[in-house]
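Q: Quick one: the structure is below, and I'll ask about it shortly.
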Amino acid sequence: MAKMYHKEKSIQIKSSASALYNNLSVLRIAPRCLTYFTAVHANVVNMVSASWDGLNYSHRQLQAKEGNVATSSSLIMQAAWCVLPPRDLLVLTSQKGIQMYESDGSIMVYWHALDTPETPTAKAVFARGIAAVREKYICVGVSSGSVLVFDIPCKGSNITLSEVLEEHKEAITDMASECSGSSECIADLVSADDSGLLCVWKAGEDFQLLNKIPGFDTSCSSVKLWKGTVIAGYGTGQIRLYEAVTAILHAEVNAHARWIYSVDIAPFTGLLLSAAEDSWVRVWHLSLTPETNSVEVMPFTHILYMSIESWGLQNILFIKTHCNNQK
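Basically the numbering used here = 1-based index in the sequence shown + 1057.
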């Protein structure tokens, strides 16, 4: 069998990446033959745009802001591109609020401040978990457990907070929208929190809760939604696959020896990546059997597992340049 993946030229960023969940985002700009990469370090977002031939690179750094204040010392929790049919936005979440930028990071188009208590409390305040949903929504989680739903116009800065979803009681860790592109899937969004609770949602003018999947007090650090199947990575090192609408557990895999920091799936092939504190990247193959309503998870033997010695690996993603070629 032909080799499906190969190592390309490394890309250097301006500083290291913080040990945060899902701390890597990628945006492919086909008309310009560019790929954008971004990772968070403390209160800075490091951006790199790389040409597809690997010859040209451009760097930019963004800092957390508070409204019209130029910079802030608040820590950034996550940065991710949200791809909607009319436009792409770069979303930053921090201890102070939520920033939305044009995709190249040049212009901030929206700022949403988090509610902070007047007196210090033992519970931290921050935003974390970002997902683009359907044609016009961006959902962002916060430490209170709320999920903020923003209505995004086709252009301009008239972004509005349209709804607040209140089913979680613990801090949101991650969110994901249906990535397969199938119109047959009922569920549009899954949200996860520090207790491991998963909430499955149907998007619309009013978001509808379809199901709640308990987590048994084990944090779910990374989640994906693929062809109606919830793929969840946990602090135990396990990966669990649930049917989104019925909450049926299809599979449970002891994937890693330590805390999982990120999972990602190639929607056209069912290849699943997982990375964890044990410094291993593992590749799995998911196969759906509609006749029996079952999902099978197998190690993908055509790609060797990789170990990064002496440091945990937090950040992995399939890049769509590669995914789309894996028919």
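Where a beta carbon is used, it is the ideal one built from N, C-alpha and C, also for glycine.
Taking contact to mean 3 or more Cβ pairs, one atom from each stretch, closer than 8 Å, check whether the region 1108 to 1118 and the region 1129 to 1143 are in contact.
A: no
Q: Using the Cβ count rule (16 or more neighbours within 10 Å means buried), how would you classify leucine 1218?
A: Along the sequence shown, one-based indexing puts residue 1218 at 161. Exposed is the call here.
Q: How many angstroms separate the CA atom of tyrosine 1167 from the CA atom of proline 1356?
A: Taking the first residue of the sequence shown as position 1, residue 1167 is located at position 110. Taking the first residue of the sequence shown as position 1, residue 1356 is located at position 299. Distance between the alpha carbons of tyrosine 1167 and proline 1356 is about 42 Å.
Q: Could you tell me if isoleucine 1164 is buried or exposed, where buried requires 16 or more neighbouring beta carbons within 10 angstroms of its beta carbon?
A: Position 107 of the sequence shown, counted from the first residue, corresponds to residue 1164. So isoleucine 1164 ends up on the exposed side.
Q: Give me the Cα-Cα distance between glycine 1202 and lysine 1153, rounded to the nearest whole angstrom.
A: Locating residue 1202 in the sequence shown gives position 145, counting from the first residue. Locating residue 1153 in the sequence shown gives position 96, counting from the first residue. Those two C-alpha atoms are separated by around 16 Å.
Q: What distance in whole Å lies between the Cβ atoms of lysine 1122 and glutamine 1156, which are believed to be in contact at a cut-off of 8 Å?
A: Position 99 of the sequence shown, counted from the first residue, corresponds to residue 1156. Position 65 of the sequence shown, counted from the first residue, corresponds to residue 1122. Glutamine 1156 to lysine 1122, Cβ: 6 Å. Contact.
Q: Let me confirm a value: glycine 1213 is counted as buried when at least 16 other C-beta atoms fall within 10 Å, else exposed. Which label applies?
A: Working through the sequence shown from its first residue, we reach residue 1213 at position 156. So glycine 1213 counts as exposed.
Q: Determine the DSSP secondary structure at arginine 1144, reduced to helix, strand or coil.
A: Along the sequence shown, one-based indexing puts residue 1144 at 87. Coil.
Q: How about arginine 1428 and histidine 1307: do their beta carbons lie closer than 9 Å?
A: Only positions 1058 to 1384 of the chain appear in this structure, which leaves residue 1428 out of reach.
Q: Which whole-angstrom value is the C-beta distance of cysteine 1236 and leucine 1282, which I expect to be below 8 Å?
A: Taking the first residue of the sequence shown as 1, we reach residue 1236 at position 179. Taking the first residue of the sequence shown as 1, we reach residue 1282 at position 225. Yes, they are in contact, since the Cβ atoms of cysteine 1236 and leucine 1282 sit about 6 Å apart, within 8 Å.
Q: In this structure, does DSSP put arginine 1191 in helix, strand or coil?
A: The residue you call residue 1191 lines up with position 134 of the sequence shown. Residue state, collapsed to three classes: coil.
Q: Do lysine 1259 and aspartate 1245 come within 9 Å of each other at the CB atom, strictly closer than that value?
A: In the sequence shown, the residue the question calls residue 1245 occupies position 188. In the sequence shown, the residue the question calls residue 1259 occupies position 202. Yes; because the gap between Cβ atoms is below 9 Å, this pair is in contact.
Q: How long is the line joining the alpha carbons of tyrosine 1318 and valine 1280, rounded to whole angstroms?
A: By one-based count along the sequence shown, residue 1318 stands at place 261. By one-based count along the sequence shown, residue 1280 stands at place 223. Each residue's Cα considered, the two are about 10 Å apart.
Q: Let me confirm a value: isoleucine 1068 is counted as buried when at least 16 other C-beta atoms fall within 10 Å, else exposed. Which label applies?
A: Locating residue 1068 in the sequence shown gives position 11, counting from the first residue. Exposed, because fewer than 16 other Cβ atoms sit within 10 Å of the Cβ of isoleucine 1068.
Q: Cα separation between histidine 1342 and valine 1352?
A: Within the sequence shown, the letter at position 285 stands for residue 1342. Within the sequence shown, the letter at position 295 stands for residue 1352. Cα to Cα, histidine 1342 sits roughly 10 Å from valine 1352.
Q: Start and end of the beta strand (DSSP E) containing threonine 1092?
A: Within the sequence shown, the letter at position 35 stands for residue 1092. Element bounds for threonine 1092: 1091 to 1098.
Q: Tell me, please, which residues DSSP counts as bridged to aspartate 1231.
A: For the purposes of this step, residue 1231 is taken as the residue at position 174 of the sequence shown. DSSP lists Ala1249 as partners of aspartate 1231.
Q: How should cysteine 1277 be labelled, buried or exposed, when 16 other C-beta atoms within 10 angstroms of its C-beta is the threshold for buried?
A: Position 220 of the sequence shown, counting from 1, holds the residue named residue 1277. Per the 10 Å Cβ criterion, buried.
Q: Name the two residues that bound the continuous beta strand (DSSP E) containing glycine 1154.
A: Taking the first residue of the sequence shown as position 1, residue 1154 is located at position 97. Glycine 1154 -> beta strand (DSSP E) spans 1154 to 1159.
Q: At the level of alpha carbons, what is the spacing between valine 1083 and alanine 1233?
A: Taking the first residue of the sequence shown as position 1, residue 1083 is located at position 26. Taking the first residue of the sequence shown as position 1, residue 1233 is located at position 176. Taking the straight line joining both Cα atoms gives about 15 Å.
Q: Hey, how far is the Cα of alanine 1188 from the Cα of valine 1320?
A: The count along the sequence shown starts at 1 and reaches residue 1188 at position 131. The count along the sequence shown starts at 1 and reaches residue 1320 at position 263. When rounded, the distance between both Cα atoms is 15 Å.
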